[in-house]
Each structure stands twice: as C-alpha cells, then as structure tokens.
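Taking my numbering, the leading residue of the sequence shown gets 4, the next gets one more, and so forth.
One structure is given here, and the rest of the page talks about it.
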Amino acid sequence: MTILDNFEESCSYTFRTKYFDPILAWVHEIFVGIILEEQFVSGKERCCCWAFSSVAAIEGIVAIKTGKLISLSNQELLDCEPYGSCDGGNAHKALSWVEGNKGLATQDDYRYTEKKGDCRSSKIRNSATSRIKSHHLVKSSEKAMLCAVAKQPLKVSIHAETREIQHYFGGVFRGQDCPFNSTDTNHGLVIVGYDSEGSNEYWIVKNSWGTDWGKKGYIFIKRNTGKKHGVCAINAWAMEIVKNK
C-alpha cells in the first residue's frame, strides 16, 4: 500500500482513560449494518474488501449523525471507482471517489452483482444523507485509535494472509503469525468498538467474509500490545471519515 501523505491526526486530545467507557460497541447501538459476504473469485481469495470496508465505515458515520442506518451500495463503488476491482483496491481512492460523487446510492437501488460492471452512478440517485466531507489517517498509536473509535466506526486494514485469521472462530486474536512491526496490509475491515476479556483488551472488528466466519462475522483483535503498528498492522492505515452536516 502506498504511503498517504499530508493527512492530519485523527484527534487532538489530552488522553485520560477515565473519559472513555470500558466497553463500547457501535454494533449494539444499531449503528453498524448487517454482515455481507464478498464473492469468491475462481483461483483467488475473496475480493472487494476495500469497497465493503469503506462503505461500512460510511454507513456507520451516517447512522451516528442522522440516527438512521441505511445500507449503501458496495457495487456502485466497485463499478465506478476506476482503480478498484476484484484484484484489489485502495481505500483512500475509494473514499475520495465517494467525496467527489457526493455520496452513494442505496443497496436497494444499486444491487451487488459479485463482479465489476459498467458504472451506473449517473443514472441512480444518491442517498441524500450519504455525502461525506473528507477522510484522514489516524495516528498509528493506541491512544489515537481509541479516541477515534470512541467517536465512530473506523476503516482499518490488516495483514490477513495467515492460517490463524483464515480459520479464526473465536477468542482474542493476537496475530502471532503476522510479520513483526510491518505496515504491509492486504485486507480491509471496520473497527466497531472495543471491550475486554479479563486482562485482554481488544477491538471489535467487522469483517466481510459472511456470518459463518469468526464470531458471526466479527473478530476480536487484541489491542494495547506495545507493538508499534498493532496486531497485524491494524493501527497502520486506520482512516476516520468526516461527515457533512
């Protein structure tokens, strides 16, 4: 992934743990949509995570700002963002496209077809509340990440080419097979909250591999590990979305 320059930190803050709830899960507040499943491509792994995770993060901030959860079109982003495909994509470019397009259509109006097709964006009306103003990288630190997640779901990327994550079914994921202190990532997800099991603090993360994977489509990824970029580089490319008023 290319380094993105000139982004601001997620928040300026004086960090005090007492200001944060010990448990936060946007999914419990119905600000997170249902788990969808990416298509399988013959001879390849699942694809389009860049679109699924970008759209899920937008749905989250829209729901928080408006009080309404609207399912937005992953297919529109797949069809219309020129650099993205089922061979991969870039969340920065995806979110920039949504900003320029002044939002997205709903899932009902622009249905998922499991393949890249012709862009029909000009023929379908966008959801009136789906416009976003901008996005930026969050500083790669546990404090900045916590500050950002306390405000909204967060688009993140991880290194997912390990048996440990492919066969995850529960518990707190520690990413022991991931490259140490690497910023290389290849899979997009969304942090939707945080919690703990005993002394194990973790992020609650929404995936796009269907509800048969993980904990009904979610994974608990350990946080506060002391690793520079977090487990499997989850802190390295976190993006916060700024919503239009």
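Glycine included, every Cβ here is placed at the ideal spot set by N, Cα and C.
Helix, strand or coil at Asp-90 according to DSSP, with G and I counted as helix: coil
Chain-order list of residues whose beta-carbon lies under 6 Å from that of Thr-186 (same chain, five-residue window excluded): His-232, Ala-236, Ala-239
CA-to-CA distance, Gly-103 to Gly-87, given in whole angstroms: 16 Å
Exposed unless 16 or more other CB atoms sit within 10 angstroms - verdict on Asp-215: exposed
Per-residue burial, Val-193 [other beta carbons within 10 Å of its own, 16 or more giving buried]: buried
Rounded C-alpha distance that separates Lys-248 from Arg-166: 43 Å
Proximity to Ala-153 [Cα-Cα], best of Ser-124, Thr-188, Tyr-197, Val-159: Tyr-197
Unbroken stretches of the beta strand (DSSP E), 3 residues or longer, contained in the stretch 126 to 213: 135 to 140, 157 to 161, 190 to 200, 203 to 209
Opening and closing residue of the beta strand (DSSP E) in which Ile-237 lies: No beta strand (DSSP E) holds Ile-237; DSSP gives it neither H nor E.
Among Thr-109, Lys-119, Gly-120, nearest to Asn-129 - alpha-carbon criterion: Thr-109
Residue of Leu-81, Ser-211, Leu-27 minimising C-alpha distance to Ile-2: The chain is shown from 4 up to 248; residue 2 falls before or after that span and cannot be answered.
Same chain, Cβ closer than 6 Å to Val-245, five either side skipped, listed in chain order: Lys-136, Ser-137
Cutoff 9 Å: Cys-51 Cβ touching any chain B Cβ: The displayed structure is made up of one protein chain only, and chain B is not part of it.
Glu-62 (DSSP reduced to helix, strand or coil): helix
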